[in-house]
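Colleague: Here you go, one structure.
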Amino acid sequence: MGHIVEIDSLTYTYPNALEKSLDSLSLNIKKGQSFGLLGPNGAGKTTLLSFLCGQRKDLTNSIKLFGSSSNELHGELLNIGYAPQELALFPMLSGIENLLFFAKLAGLAEDKRLGRVLEMLKAVDLQKSQDKLVENYSGGMKRRLNLAVALLNDPKLLILDEPTVGVDPQSRNLIFEKIEELKSRGVTIIYTTHYMEEVQRLCDSVAIVKEGKILFNGTLDSLLESQKNESLEQCYLQLTGYEVVD
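For the sequence shown, the positions run 1 to 246 when UniProt numbering is used.
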């Protein structure tokens, strides 16, 4: 089984920052894997995701996606879906208008856009609210629409940055079921969250990051065994510390 993501000693410091956001970080993710990326606030998770989804172009020789250096990627970027933690939606447009806009941005053929958009609205159970302005959506509805945007291009690699923040239990369960369906189809998933029960339900393997460095990288079972603990949350706290991080 080949690697979809290969990261070799990635180091990055934001302009005018005193500390590194990513510090010689190395990581491989296999095709079809559901991979949990965990860490406290400010650990570097979102910075890393920004490199993987093509938002940052510098230092990309340290990253390979689909076997190619990320600065050589062109059409391959269309195989990546990204649902950011900060909702990337237009509140003054309806749900269907948002999806049609992002479908065009993703390069979907004009004659296929509407069909794909309607399919995604149904997939996240928003077809009855498709004409409502997004500013009137609940938090759960916005998160489901955010996921639909990420799935428009039928990605081979799906990156989800805290996709269940502030959602109701029904929306959370729907998001879980959709992710599990994608897993069964062999889609590679990178999933960040602060909820350990989500990791246990959805992820095969995890990496724990703190201050831009990998503290652990392996399967859930090996993590529990390494810390001699039956609780994933306690394993996480033992590695990252108990001090509150703002």
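From the three backbone atoms N, C-alpha and C, an ideal C-beta is built for every residue, glycine too.
#1: Of all the beta strand (DSSP E) runs that stay within the bounds of the stretch 210 to 238, which reach a length of 3 or more residues?
#2: Can you give me the C-alpha to C-alpha distance between Ser69 and Val5, rounded to a whole angstrom?
#3: Determine, using beta carbons only, whether Ile175 and Gly81 come nearer to each other than 9 angstroms.
#4: Is Gly36 near Leu239, with beta carbons less than 9 angstroms apart?
#5: Return the chain-ordered list of same chain residues with a C-beta closer than 6 angstroms to the C-beta of Lys183, the five sequence neighbours on each side being excluded.
#6: With Ala123 as the anchor, note down where its alpha helix (DSSP H) starts and where it stops.
#7: If the criterion is Cβ atoms closer than 9 angstroms, does the pair Leu89 and Arg116 meet it?
#8: In the structure shown, what three-state DSSP assignment does Ser26 receive?
#9: Mark Leu52 as exposed unless 16 or more other C-beta atoms lie within 10 angstroms of its C-beta, in which case mark it buried.
#10: Taking only the alpha-carbon atoms, compute the straight-line gap between Val187 and Thr164 and give it to the nearest angstrom.
#11: Among Ala83, Lys20, Thr47, which one has its Cα closest to the Cα of Ile189?
#12: How about Ser94 and Val134: do their beta carbons lie closer than 9 angstroms?
#13: DSSP state of Lys64, grouped into three classes?
#14: Identify, in the order they occur along the chain, each residue of the same chain with its Cβ nearer than 6 angstroms to the Cβ of Gln127, setting aside the five sequence neighbours on each side.
#15: How long is the line joining the alpha carbons of Gln130 and His194, rounded to whole angstroms?
#16: Is Leu158 helix, strand or coil by DSSP?
#17: Going by beta-carbon coordinates alone, are Val199 and Leu38 separated by less than 9 angstroms?
#18: Do Arg143 and Val167 have their C-beta atoms closer together than 9 angstroms?
#19: How many angstroms separate the CA atom of Leu224 from the CA atom of Leu27?
#20: Is it buried or exposed, Glu86, if we count other Cβ atoms within 10 angstroms and call 16 or more buried?
#21: Within its chain, find whatever has a CB closer than 7 angstroms to the CB of Gly42; leave out the 5 residues flanking it on each side and keep chain order.
#22: Taking Gly32 as the reference, which of His3, Leu48, Ile96 has the closest Cα?
#23: Assuming Tyr137 contacts Met196 (C-beta within less than 8 angstroms), just tell me the rounded distance between them.
#24: When you compare only the Cα positions, how much space is there between Ile29 and Ser50?
#25: In three-state DSSP terms, what is Thr11?
#26: Using a Cβ-Cβ cutoff of less than 7 angstroms, which residues in the same chain neighbour Ala103 once the five nearest sequence positions on both sides are dropped?
Modeller: Taking the structure as given:
#1: Complete beta strand (DSSP E) runs here, min 3: 213 to 219.
#2: Here residue 69 is taken as the residue at index 69 of the sequence shown, counted from 1. Here residue 5 is taken as the residue at index 5 of the sequence shown, counted from 1. Cα to Cα, Ser69 sits roughly 10 angstroms from Val5.
#3: Along the sequence shown, read from residue 1 onward, the residue named residue 175 stands at position 175. Along the sequence shown, read from residue 1 onward, the residue named residue 81 stands at position 81. Their beta carbons are not under 9 angstroms apart, which means Ile175 does not touch Gly81 by this criterion.
#4: Position 36 of the sequence shown, counting from 1, holds the residue named residue 36. Position 239 of the sequence shown, counting from 1, holds the residue named residue 239. Taking the C-beta atoms as reference points, Leu239 is found no nearer than 9 angstroms to Gly36.
#5: What you label residue 183 is simply residue 183 of the sequence shown in a count that begins at 1. So the qualifying residues of the chain are Ser34.
#6: Position 123 of the sequence shown, counted from the start, is the residue given in the question as residue 123. Counting along the chain, Ala123 sits inside the alpha helix (DSSP H) bounded by residues 110 to 123.
#7: Here the question's residue 89 lines up with position 89 in the sequence shown. Here the question's residue 116 lines up with position 116 in the sequence shown. Not closer than 9 angstroms, so no.
#8: Counting from one through the sequence shown, the residue named residue 26 turns up at place 26. Three-state result, Ser26: strand.
#9: Counting from 1 along the sequence shown, the entry for residue 52 is found at position 52. Leu52 is buried by the Cβ-count criterion.
#10: Taking the first residue of the sequence shown as position 1, residue 187 is located at position 187. Taking the first residue of the sequence shown as position 1, residue 164 is located at position 164. In a straight line, the C-alpha of Val187 is about 19 angstroms away from that of Thr164.
#11: Taking the sequence shown and counting its residues from 1, the one referred to as residue 189 is at position 189. Considering only alpha carbons, the answer is Ala83.
#12: Translated into the one-based positions of the sequence shown, residue 94 becomes position 94. Translated into the one-based positions of the sequence shown, residue 134 becomes position 134. Their beta carbons are under 9 angstroms apart, which means Ser94 touches Val134 by this criterion.
#13: As a position in the sequence shown, residue 64 is number 64, starting the count at 1. Of the three classes helix, strand and coil, the one that applies to Lys64 here is strand, per DSSP.
#14: Residue numbering aside, residue 127 sits at position 127 when the sequence shown is read from its first letter. Within the same chain, Gln127 has close Cβ partners Leu121.
#15: On the sequence shown, position 130 is the one that residue 130 refers to. On the sequence shown, position 194 is the one that residue 194 refers to. So the alpha carbons of these two residues sit roughly 30 angstroms apart.
#16: To locate residue 158, count along the sequence shown from 1; it is residue 158. Residue state, collapsed to three classes: strand.
#17: Within the sequence shown, the letter at position 199 stands for residue 199. Within the sequence shown, the letter at position 38 stands for residue 38. Closer than 9 angstroms, so yes.
#18: Sequence index remark: in the sequence shown, residue 143 carries index 143 (1-based). Sequence index remark: in the sequence shown, residue 167 carries index 167 (1-based). It is a contact, given that the beta carbons lie within the stated cut-off.
#19: Indexing the sequence shown from 1 puts residue 224 at position 224. Indexing the sequence shown from 1 puts residue 27 at position 27. Taking the straight line joining both Cα atoms gives about 20 angstroms.
#20: Here residue 86 refers to the residue found at position 86 of the sequence shown. It is exposed - the Cβ of Glu86 has fewer than 16 other Cβ atoms within 10 Å.
#21: The residue you call residue 42 lines up with position 42 of the sequence shown. Correct list, in chain order: Val245.
#22: Walking along the sequence shown from the start, residue 32 turns up at place 32. Selected option, being the one with the closest Cα: His3.
#23: As a first step, residue 137 must be located in the sequence shown, where it is residue number 137. As a first step, residue 196 must be located in the sequence shown, where it is residue number 196. Taking C-beta atoms under 8 angstroms as the contact rule, Tyr137 and Met196 fail to qualify, at a distance of about 28 angstroms.
#24: Working through the sequence shown from its first residue, we reach residue 29 at position 29. Working through the sequence shown from its first residue, we reach residue 50 at position 50. Cα to Cα, the separation comes out at about 16 angstroms.
#25: As a working note, residue 11 is residue 11 in the sequence shown. Strand.
#26: For the purposes of this step, residue 103 is identified with residue 103 of the sequence shown, where counting begins at 1. Answer for Ala103: Arg113, Arg116, Val117, Leu152, listed in chain order.
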